[in-house]
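*Asks:*
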Amino acid sequence: MPFQLVIRIVLITLVTLLLSGCGMARLMEGMVQTNEPNERMLGQLFAVGGGGKADIGDDGIARIAVEHHPEETVWRPAVILMDRPGDLEILFRNRNPQNHLMIVASSDGGMRALDLPPLQTGRARVHFGTPGMYMFADAMGNHMGRGMMGMVVVGGEVPDEARLDRPPQPRP
Amino acid sequence: MNRTINCTRLFSFLLPVLVAACADAPETGPETQQAMPIASLNAASPGQAPPVAQAVTSERLVRARSEPHNWLTYYGAYDGQRFSSLDEIRTGNVKNLKVAWTFQHAPMTLMAAHPTYGFEATPIVIDGVMFISGWNGYVWALDATNGKLLWEYQHAVPLDTPLCCGNINRGVAVARGKVFYATPDAHLIALDAMSGDVAWEKVFGDIRAGETATVAPLVVKNLVLVGASGGEFGVRGHIDAFDVDTGKRVWRHYTIPRPEEPGGETWGNSEAWQRGGGTTWITGTYDPELDLVYWGTGNPGPDFRGNLRPGANLFTNSVLALDPDDGTRRWHYQWTPHDLWDYDGVGENILFDRDGRKLLAHFDKNGHLFILDRTNGEFVRAVKFTETTWGDIDPNTGAMTVHLRPTPEGTEIKPGPSGGKEGFPHAAYSPKSGFLYVPVIENTATFKTGPADFKEGQPWWGGDVETLDHPQSGALKAFDPATGREVWASSSEYPMAGSVLATAGDLVFSGQLDGHFAAWDARTGEQLWRFQTGSGIHSSPITYSVDGRQYVAIPSGWGGWIAGIAPKMMGAPRGAALFVFSLP
Chain A
1 MPFQLVIRIV LITLVTLLLS GCGMARLMEG MVQTNEPNER MLGQLFAVGG GGKADIGDDG
61 IARIAVEHHP EETVWRPAVI LMDRPGDLEI LFRNRNPQNH LMIVASSDGG MRALDLPPLQ
121 TGRARVHFGT PGMYMFADAM GNHMGRGMMG MVVVGGEVPD EARLDRPPQP RP
Chain B
173 MNRTINCTRL FSFLLPVLVA ACADAPETGP ETQQAMPIAS LNAASPGQAP PVAQAVTSER
233 LVRARSEPHN WLTYYGAYDG QRFSSLDEIR TGNVKNLKVA WTFQHAPMTL MAAHPTYGFE
293 ATPIVIDGVM FISGWNGYVW ALDATNGKLL WEYQHAVPLD TPLCCGNINR GVAVARGKVF
353 YATPDAHLIA LDAMSGDVAW EKVFGDIRAG ETATVAPLVV KNLVLVGASG GEFGVRGHID
413 AFDVDTGKRV WRHYTIPRPE EPGGETWGNS EAWQRGGGTT WITGTYDPEL DLVYWGTGNP
473 GPDFRGNLRP GANLFTNSVL ALDPDDGTRR WHYQWTPHDL WDYDGVGENI LFDRDGRKLL
533 AHFDKNGHLF ILDRTNGEFV RAVKFTETTW GDIDPNTGAM TVHLRPTPEG TEIKPGPSGG
593 KEGFPHAAYS PKSGFLYVPV IENTATFKTG PADFKEGQPW WGGDVETLDH PQSGALKAFD
653 PATGREVWAS SSEYPMAGSV LATAGDLVFS GQLDGHFAAW DARTGEQLWR FQTGSGIHSS
713 PITYSVDGRQ YVAIPSGWGG WIAGIAPKMM GAPRGAALFV FSLP
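Each protein sequence line maps, in turn, to chains A and B. Quick note: the first sequence, position 5, residue 5 per the numbering used here, numbers continuous. Each number in the numbering used here comes from the position in the second sequence (counting from 1) with 172 added on.
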């Protein structure tokens with residue numbers, strides 16, 4: 001078999017697999033039935049934008065990008081995981097012809113507001129000082145009620161000096 | 173070469189197809205937007221307050237009574253009397269009180285314990301500037317003459333904060349140019365009093381272990397003192413002291429001793445101390461002459477399963493007299509040994525003198541008013557101030573007799589878990605009338621014991637209480653601490669859950685859960701004036717003056733532990749507004 005033909009077959013197979021992979025992903029989303037505007041309301045059910053982990057850079061700041069795609073009312077990812085308390089930088093990419101007004105909780109200077117015009121990108125730097133769950137939401141119209149909210153889940157522990165002086169206790 | 177060209181052509185063709193197939197959205201434009209603190213997007217707020225707090229020294233706090241135009245510290249003064257010598261507003265003209273200004277705020281997103289948020293803080297006023305905390309991490313500086321927002325701070329509170337009873341806060345402390353604030357997730361934050369910027373921040377509780385905070389800090393000398401909440405989560409209570417200027421922790425006092433420490437023998441179980449409770453969620457009082465801080469402690473854990481912690485369970489449900497410099501305990505008095513009813517002993521300890529004797533008054537959740545000698549904790553007398561069926565305190569010796577305990581099938585007991593008076597709100601004492609004034613809750617609950625499997629950070633009651641199906645009401649009562657005599661009582665259709673303010677105008681102010689803020693004649697109990705604020709009062713009124721004009725301020729906003737205090741008001745209007753009144 002000529003080498004050129006082999007290359008062509010391999011490439012076509014690869015492309016076919018990739019295309020079918022994309023199609024399968026869409027098919028699976030459709031099967032869940034929560035990821036598209038449904039018949040009873042024009043929004044989506046809560047937090048179906050998936051999860052993503054914020055990577056901590058050399059400067060100690062965790063970073064992640066979230067996007068709003070057309071014909072969806074979720075942020076992807078909608079759940080951001082941070083390994084420990086600290087600074088988080090979220091890049092909000094608006095790939096949708098809608099305006100958004102992002103509200104992000106922060107312990108450093110209070111709640112942040114980010115105006116996000118259609119097809120624009122914006123950055124929010126926030127700080128979370130305690131392990132736990134923090135919200136980000138779209139304050140435009142009722143985007144929040146229609147699914148455009150998300151959560152930052154911060155792991156880790158409080159500083160040792162703040163912990164109780166007692167033996168380790170069973171956790172759930 | 174031909175192979176390379178062909179492959180390149182193939183990639184050139186396939187790559188756009190691939191991208192088009194998988195990417196179903198247009199690319200975004202350039203990064204053009206930067207997030208801003210939302211507080212900076214309020215053109216009506218200058219973001220700056222006058223430098224009134226710079227000169228608030230510990231000496232001024234000791235002499236707070238000599239500055240009646242200010243409300244310098246949580247109770248107005250270290251003695252916890254909640255009394256003001258201002259008398260422009262008095263019995264003869266209180267009917268003319270009108271709203272001078274209001275301040276409102278509301279949540280912008282979901283927040284921790286959203287259905288329970290309330291406005292419970294005590295405002296601090298210094299030379300025309302008011303500092304007040306709200307729910308969900310808010311602190312505000314306001315112009316005390318017109319309510320203008322000078323600056324705003326917000327701390328991010330995790331949605332999953334293990335709040336037992338509500339997203340609320342009791343207030344701030346102000347000294348040496350800083351505003352001290354304990355967040356719901358147990359951070360102590362020092363804010364620059366002029367800008368609201370963070371000067372320092374320390375974590376003093378473990379949210380993963382179920383610790384939180386609602387307390388208003390107390391500044392004593394060069395230290396700022398805070399207590400933590402979490403008595404329903406099996407924590408080990410403590411009081412912490414931090415350096416005012418640097419935030420360095422100077423001491424921590426655990427309220428539950430280890431087995432080898434004094435009091436450790438009162439736990440009867442080698443592990444019970446580790447989860448003993450005894451939390452410290454209400455601000456203490458301070459006697460500068462004796463140099464003693466009086467701080468209350470909460471219920472033992474688990475709340476209703478006493479068999480897991482046999483013994484008196486020191487130092488829960490007690491008042492601790494502490495050396496403020498190092499946290500050493502000088503003496504203690506336990507109001508309810510081996511508590512089985514969630515009758516925290518955290519409530520205020522009012523310091524007053526009578527017949528040359530230095531005394532301390534405490535209205536306990538167990539339904540009894542206690543009078544102690546505050547120099548040494550010696551029992552003076554006890555008086556029942558509401559109906560109790562759980563048991564009795566001997567008025568002459570303080571000895572406790574228990575009649576009713578929680579049972580697996582449930583036992584009806586008075587008072588319910590909110591007590592005859594909650595740990596919060598607070599009573600008052602008028603040195604002018606010589607009377608104590610107390611907001612009273614009359615209720616019953618069915619107490620049940622139940623499973624008590626402990627997991628850190630999870631509620632640990634060892635049973636439950638049913639409150640909804642029982643009658644409930646309340647009263648504002650006056651007592652003579654010299655004799656224990658009830659002087660007057662003004663009944664209320666609902667439990668009284670607002671703190672009392674006593675003034676030299678012979679008035680007492682308090683609020684009711686139907687939204688009325690009212691004034692009573694301090695000597696007769698006759699209600700002289702009231703105003704409908706629109707939401708239940710579960711907060712602490714204060715009074716102050718600016719340029720000779722007296723104001724009375726009250727936060728309105730029903731929330732907190734509604735199920736325990738007044739379950740029949742579960743559906744009453746919520747809200748969050750500060751009302752300030754003055755004469756026309």
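We put the CB at the ideal spot given by N, CA and C, even for glycine. Model, not experiment: these values are computed from the prediction.
#1: So, is the C-beta of B:T333 closer than 8 Å to a C-beta in chain A?
#2: Which of the residues in the segment 78-107 of chain A, read from start to end, lie with their CB under 9 Å from any CB of chain B?
#3: Mind checking if B:E628 is an interface residue toward chain A, Cβ cutoff 8 Å exclusive?
#4: Whose CA, out of A:A124, A:Q120, A:P170, lies closest to the CA of A:A105?
#5: For a minimum of 3 consecutive residues, which ranges assigned as the beta strand (DSSP E) are wholly contained in the segment 373-435 of chain B?
#6: Going along chain B, which residues have a C-beta under 9 Å from A:M140?
#7: Only counting the same chain, and skipping five residues up and downstream in sequence, which positions put a Cβ closer than 8 Å to that of A:T121?
#8: Where B:P431 and A:P159 are concerned, what is the direct C-alpha to C-alpha distance, given to the nearest angstrom?
#9: Just how far apart, CA to CA, sit B:A748 and B:F689?
#10: Do B:A400 and B:A358 come within 8 Å of each other at the CB atom, strictly closer than that value?
#11: When the Cα of B:P287 is compared with those of B:M280, B:S257, B:G338, B:V370, which residue comes out closest?
#12: Alpha carbon to alpha carbon, how far is B:A347 from B:N615? Give it in angstroms, no decimals.
#13: Could you tell me whether the Cβ of B:Y426 comes closer than 8 Å to any Cβ of chain A?
#14: For B:T561, which of helix, strand or coil comes out of DSSP?
#15: Residues of the segment 126-152 of chain A with a CB closer than 9 Å to any CB of chain B: list them in chain order, please.
#16: Helix, strand or coil for B:Q699 per DSSP?
#17: Buried or exposed for B:I177, going by 16 or more other Cβ atoms inside 10 Å?
#18: Beta-carbon separation of B:D415 and B:R424 under 8 Å?
#19: Classify B:P643 as buried or exposed, calling it buried when 16 or more other Cβ atoms lie within 10 Å of its own Cβ.
#20: Does any residue of chain B bring its CB to less than 8 Å from the CB of A:G110?
#21: Name the chain B residues whose beta carbon is nearer than 9 Å to that of A:T121?
#22: Where does A:V154 fall in DSSP's three states?
#23: Secondary structure at A:G51, three-state DSSP: helix, strand or coil?
#24: Three or more C-beta pairs closer than 8 Å, one from the segment 379-389 of chain B and one from the segment 426-444 of chain B: is that the case here?
#25: Just the Cα atoms here: how many angstroms apart are B:A600 and B:Y250?
#26: Return no unless some Cβ of chain B is closer than 8 Å to the Cβ of A:A54.
#27: For B:N471, does the count of other Cβ atoms within 10 angstroms reach 16, so buried, or fall short, so exposed?
#28: Quick one: what's got a C-beta closer than 6 Å to B:L331's C-beta in the same chain, skipping five residues either side?
#29: Closest Cβ-Cβ distance between B:T281 and chain A: below 8 Å?
#30: Whole angstroms is fine: what's the gap from A:L114's alpha carbon to B:E203's?
#31: Please report the straight-line C-alpha distance between B:I613 and B:P356, rounded to a whole angstrom.
#32: Output yes if chain B places a C-beta closer than 8 Å to the C-beta of A:R166; else output no.
*Replies:* Walking through what the data contain:
#1: Indexing the second sequence from 1 puts residue 333 of chain B at position 161. The Cβ of B:T333 sits closer than 8 Å to at least one Cβ of chain A.
#2: Contact annotation: in the segment 78-107 of chain A, residues whose CB is within less than 9 Å of a CB in chain B are I90, L91, F92, R93, N94, R95, N96, P97, M102, I103, V104, A105, S106, S107.
#3: The residue labelled residue 628 of chain B in the question sits at position 456 within the second sequence. Yes, B:E628 lies at the interface with chain A (some Cβ there is under 8 Å from its Cβ).
#4: The residue you call residue 105 of chain A lines up with position 105 of the first sequence. The candidate whose alpha carbon is nearest that of A:A105 is A:A124.
#5: Positions of the beta strand (DSSP E) runs, each at least 3 residues long and wholly inside the segment 373-435 of chain B, are given as 390-392, 395-399, 410-415, 421-426 in order along the chain.
#6: Locating residue 140 of chain A in the first sequence gives position 140, where the first residue counts as 1. Within 9 Å Cβ-Cβ: nothing; A:M140 doesn't reach chain B, min ~12 Å.
#7: As a first step, residue 121 of chain A is located in the first sequence; it is residue number 121 there, counting from the start. Around A:T121, the same chain offers L91, F92, R93, N94 as residues with beta carbons nearer than 8 Å, after the five sequence neighbours per side are excluded.
#8: For this step, residue 431 of chain B is matched to residue 259 along the second sequence. For this step, residue 159 of chain A is matched to residue 159 along the first sequence. Whole-angstrom Cα-Cα distance: 26 Å.
#9: As a working note, residue 748 of chain B is residue 576 in the second sequence. As a working note, residue 689 of chain B is residue 517 in the second sequence. Rounded to the nearest angstrom, the two C-alpha atoms are 14 Å apart.
#10: Here residue 358 of chain B corresponds to residue number 186 of the second sequence, with the count starting at 1. Here residue 400 of chain B corresponds to residue number 228 of the second sequence, with the count starting at 1. In this structure, B:A400 lies closer than 8 Å to B:A358 by Cβ.
#11: The residue labelled residue 287 of chain B in the question sits at position 115 within the second sequence. Closest option to B:P287, Cα to Cα, is B:G338.
#12: Counted from its first residue, the second sequence places residue 615 of chain B at position 443. Counted from its first residue, the second sequence places residue 347 of chain B at position 175. Rounded to whole angstroms, B:N615 to B:A347 spans 40 Å at the Cα level.
#13: Counting from one through the second sequence, the residue named residue 426 of chain B turns up at place 254. For B:Y426, the closest Cβ of chain A is nearer than 8 Å.
#14: Locating residue 561 of chain B in the second sequence gives position 389, where the first residue counts as 1. Three-state DSSP puts B:T561 in coil, outside helix and strand.
#15: Listed by position, the residues of the segment 126-152 of chain A near chain B (Cβ gap below 9 Å) are V126, H127, F128, G129, T130, P131, G132, M133, Y134, M135, F136, A137, A139, M144, M149, M151.
#16: Here residue 699 of chain B corresponds to residue number 527 of the second sequence, with the count starting at 1. B:Q699 falls in the strand class under three-state DSSP.
#17: Locating residue 177 of chain B in the second sequence gives position 5, counting from the first residue. Model confidence at B:I177 stands at a pLDDT of 44, short of 50, so the residue's coordinates are unreliable; what they give is reported in the following sentence. It is exposed - the Cβ of B:I177 has fewer than 16 other Cβ atoms within 10 Å.
#18: What you label residue 415 of chain B is simply residue 243 of the second sequence in a count that begins at 1. What you label residue 424 of chain B is simply residue 252 of the second sequence in a count that begins at 1. With respect to B:R424, B:D415 sits apart: the two C-beta atoms are not nearer than 8 Å.
#19: Counting from one through the second sequence, the residue named residue 643 of chain B turns up at place 471. Exposed, because fewer than 16 other Cβ atoms sit within 10 Å of the Cβ of B:P643.
#20: Position 110 of the first sequence, counting from 1, holds the residue named residue 110 of chain A. Yes - at least one Cβ of chain B is within 8 Å of the one on A:G110.
#21: Position 121 of the first sequence, counted from the first residue, corresponds to residue 121 of chain A. Per Cβ cutoff of 9 Å: T200, G201, P202, E203, T204, Q205.
#22: What you label residue 154 of chain A is simply residue 154 of the first sequence in a count that begins at 1. Three-state result, A:V154: strand.
#23: Here the question's residue 51 of chain A lines up with position 51 in the first sequence. Reduced to three states, the DSSP call for A:G51 is strand.
#24: Taking 8 Å as the limit for Cβ pairs, the verdict is that the segment 426-444 of chain B does not touch the segment 379-389 of chain B.
#25: Locating residue 600 of chain B in the second sequence gives position 428, where the first residue counts as 1. Locating residue 250 of chain B in the second sequence gives position 78, where the first residue counts as 1. In a straight line, the C-alpha of B:A600 is about 13 Å away from that of B:Y250.
#26: Taking the first sequence and counting its residues from 1, one reaches residue 54 of chain A at position 54. Nearest CB-CB separation between A:A54 and chain B: not below the 8 Å threshold.
#27: On the second sequence, position 299 is the one that residue 471 of chain B refers to. Residue environment: B:N471 is assigned as buried (16 or more neighbouring CB atoms within 10 Å of its CB, all protein chains considered).
#28: The residue given as residue 331 of chain B occupies position 159 in the second sequence. Here the set comprises A284.
#29: For this step, residue 281 of chain B is matched to residue 109 along the second sequence. It does: the Cβ of B:T281 has a partner Cβ on chain A nearer than 8 Å.
#30: On the first sequence, position 114 is the one that residue 114 of chain A refers to. On the second sequence, position 31 is the one that residue 203 of chain B refers to. Cα-Cα distance, rounded: 12 Å.
#31: Against the second sequence, residue 613 of chain B aligns to sequence position 441. Against the second sequence, residue 356 of chain B aligns to sequence position 184. Cα to Cα, the separation comes out at about 26 Å.
#32: As a first step, residue 166 of chain A must be located in the first sequence, where it is residue number 166. At least one chain B Cβ lies under 8 Å of A:R166.
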